[in-house]
Each structure stands twice: as C-alpha cells, then as structure tokens.
Amino acid sequence: MPFDMASSSFLLLLFFLLHLPLLFLPTLAAGHVESPASPSNGTTVYDLLPEYGLPPGVLPDTVKTFSLASNGRFVVELYGPCYVDFEYLVYYAPSVSGVIKYGGIQSLEGVQVRRFMIWFDVGGIVVDVPSSEFIYFQVGWITRKLRIEQFQTVHSCRGSLSLLGRAKEVARSMLEKTLLISAISQIPGP
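Per mature numbering (1 follows the signal peptide of the UniProt record, and there is no 0), the sequence shown runs over residues -29 to -1, 1 to 161.
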C-alpha cells in the first residue's frame, strides 16, 4: 500500500521519537551533561543535534538531562512523557535513547508516532547529506519522508494524556480527517 507525504512524515517523526532515548543514555555515556539549558561546557542538546546534521526540534522542550558517549550512544531524560503535534502526533517516553551519527539516529527507543489510531515505534531518523528539505523517519520497514522545516524549532510538549484524553484525541483526529475528506469531495473538478 503506497503512503502519501503525510504518512511518510508521520512515520519519520515516529521513528525519530522512538529512537531518541538511545541518544542520551547516561550509563553508557562517556560524559554526562546534567542540564539541557546550562551544562558545564555550555552545550545544550539543542546545540548538539545540528552538529550531527539534525534539526533541534526533533526533541521537545522538556529535556531534563542528556548524556552522549564517544561511540554515539545517547540518552535523553525528559521531565515526563509527552506528546508533540507535528504533521502527526508524536509520543516521547520519559527516556529516549539511541545511537547518533552524522546524518541520523539509529536504534532509537522511546519515540512513537500515531497513524490511524495506532502507535508505531520510530526506529531511526535520517536526514540527507548534504542537507535537503526532508527528514526521514524509519518505522519498521517503512520510511516516511517529512518536511524538515517543522523540526527547525523546538516544540512544547503537551504532557501525558489520560485514557480519556487519548480517546478525545482519537475522536478529534477522526473528525478532522472526516471533515477534510468531506471538504475535498465538495471541490468541483476541472
């Protein structure tokens, strides 16, 4: 089944978010940075991501600590679980980890993306080298292509959703899609 641009973007985001915990794994890190805003060497996680060719907005603004080992293994600790609205709804676990190398993140854990009421693990995030206008989320054997501009700024986290909150989100998403399909069907053809 072919995926449209929106599906590709969703999967790419999901892939990145699921592998983000591996990026800052403190137990595997050669050096541990205690704060995303004011570490002792002045580097924040948001400063570090562009050094690897990644946009800073692949992580939410709720990073508590991060660590990065010399082999690229990382762990990012957030203040709690959170959801961020990109082209798709993305879930970040309280701990996101993976292996970062120039141009991408592999073995990503702690990031999921929602598509059609189903949550998918994001296993990796990749950007073109040299840089282009796209970022790719790897979800299983599927790669989703998303516009990179939505990841250029750091987004706020909505916080965790209760079961009722999740049900409302699903209903809202379904209603939006239904209204969009209805609106498109109303457009007269050429």
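We put the beta carbon where it would ideally sit given N, CA and C, even for glycine.
- Under the DSSP assignment, residue 117 falls in the beta strand (DSSP E) whose first and last residues are 113 to 118.
- For residue 99, there is no enclosing beta strand (DSSP E), as DSSP gives it neither H nor E.
- The C-beta distance from residue 16 to residue 37 rounds to 4 Å, short enough to fall under 8 Å.
- Counting the other Cβ atoms within 10 Å of the Cβ of residue 92 gives 16 or more, which makes it buried.
- Under the three-state reduction of DSSP, residue 153 is assigned to helix.
- Distance from the CA atom of residue 64 to the CA atom of residue 155, rounded to whole angstroms, is 36 Å.
- Look at the beta carbons and you see the region 88 to 104 touching the region 116 to 130: at least three pairs across the two are nearer than 8 Å.
- Sixteen is the threshold: when 16 or more other Cβ atoms of the shown chains lie within 10 Å of the Cβ of residue 31, as they do, the residue is buried.
- Straight-line spacing of the CA atoms in residue 20 and residue 74 works out to 10 Å.
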